[in-house]
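In this note's numbering, the protein residues as written are 188 to 360.
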């Protein structure tokens, strides 16, 4: 596909950074948490955010097609255990249980897919990668430049979820 065709079909920077895109993210997160976990969740102001912890879990799902980028969710290990427990119907989950990474990966996949499916340009022309889960906090995700991001912070049951959507520029420099 030529670069001009990719540029015409891609999800543009203005659309990505719009308030409508942010609302789509908020709606998706709320829907996934309510339907899949039975939790209420809502965005918090940037002034009311919890700093990153050394002991946390991150899940990343890639976008490819009419938008290239990633959906990244990050939370404390305690929050990740709460998510895994909710996904398992309330069964307590111990540290080190593989179901924690499975749950966080699936949560990221549902959020990425839910957000993508709310964007008409992306619905059928964008695919998702399988989730990757990272434990710990001493890492950096490198994105192709130029790229942009939309970051939101949510609170549920005293826990914090950090959501970052990255969009890479599809046209080569």
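Glycine is no exception: its CB is placed at the ideal position from the N, C-alpha and C atoms. In this text the structure is predicted, and so the values were computed from the model without any measurement.
Quiz item: Name the DSSP bridge partner or partners of residue 141?
Solution: The structure shown has nothing for residue 141, since the chain only spans 188 to 360.
Exercise. Run the CB neighbour count on residue 296, radius 10 Å, all protein chains shown included, and call it buried at 16 or more, exposed below.
Key: Residue mapping note: residue 296 aligns to position 109 of the chain shown, counting from 1. With a threshold of 16 other beta carbon atoms within 10 Å, residue 296 meets it and is buried.
Quiz item: Which whole-angstrom value describes the C-beta separation of residue 346 and residue 223, a residue pair presumed to lie in contact below a C-beta threshold of 8 Å?
Solution: As a position in the chain shown, residue 346 is number 159, starting the count at 1. As a position in the chain shown, residue 223 is number 36, starting the count at 1. 15 Å between Cβ atoms; not a contact.
Quiz item: Is the region 279-293 touching the region 329-345, taking contact as three or more C-beta pairs under 8 Å?
Solution: Segments in contact, no.
Quiz item: Can you name the residues that DSSP bridges to residue 355?
Solution: Locating residue 355 in the chain shown gives position 168, where the first residue counts as 1. 255 and 334.
Quiz item: Cα separation between residue 205 and residue 288?
Solution: Here the question's residue 205 lines up with position 18 in the chain shown. Here the question's residue 288 lines up with position 101 in the chain shown. Roughly 31 Å separates the two Cα atoms.
Quiz item: Can you tell me whether residue 292 is buried or exposed, with buried defined as 16 or more other CB within 10 angstroms of its CB?
Solution: Taking the first residue of the chain shown as position 1, residue 292 is located at position 105. So residue 292 counts as buried.
Quiz prompt | Residue range of the unbroken beta strand (DSSP E) whose run includes residue 319 | solution = Reading the chain shown from its first residue, position 132 is the one you call residue 319. Element bounds for residue 319: 319-322.
Practice problem: Within 10 angstroms of the Cβ of residue 326, are there 16 or more other Cβ atoms? Answer buried if so, exposed if not. | Solution: Position 139 of the chain shown holds residue 326. Counting the other CB atoms within 10 Å of its CB gives residue 326 a total below 16, which places it among the exposed residues.
Quiz item: With a Cβ-Cβ cutoff of 8 Å, do residue 219 and residue 324 count as a contact?
Solution: Counting from 1 along the chain shown, the entry for residue 219 is found at position 32. Counting from 1 along the chain shown, the entry for residue 324 is found at position 137. Cβ atoms of residue 219 and residue 324: not closer than 8 Å.
Exercise. With DSSP collapsed to three states, give me the class of residue 264.
Key: Your numbering for residue 264 matches position 77 in the chain shown. Residue 264: helix per DSSP, three-state reduction.
Quiz prompt | Spatially closest choice to residue 314 from 322, 320, 303 and 329, by CA coordinates | solution = As a first step, residue 314 is located in the chain shown; it is residue number 127 there, counting from the start. Checking every option, the nearest Cα to that of residue 314 belongs to 303.
Quiz prompt | Alpha carbon of residue 350 to alpha carbon of residue 275, nearest angstrom | solution = As a working note, residue 350 is residue 163 in the chain shown. As a working note, residue 275 is residue 88 in the chain shown. Taking the straight line from one Cα to the other gives about 22 Å.
Quiz item: In this structure, does DSSP put residue 340 in helix, strand or coil?
Solution: Along the chain shown, one-based indexing puts residue 340 at 153. Look at residue 340 here: in three-state DSSP terms it is strand.
Quiz item: How is residue 215 classed by DSSP in three states: helix, strand or coil?
Solution: The residue given as residue 215 occupies position 28 in the chain shown. If DSSP states are grouped into helix, strand and coil, residue 215 belongs with the helices.
Quiz item: Whole-angstrom Cβ separation of residue 321 and residue 215, contact assumed at under 8 Å?
Solution: Walking along the chain shown from the start, residue 321 turns up at place 134. Walking along the chain shown from the start, residue 215 turns up at place 28. The C-beta distance from residue 321 to residue 215 rounds to 22 Å, too long to meet the 8 Å contact threshold.
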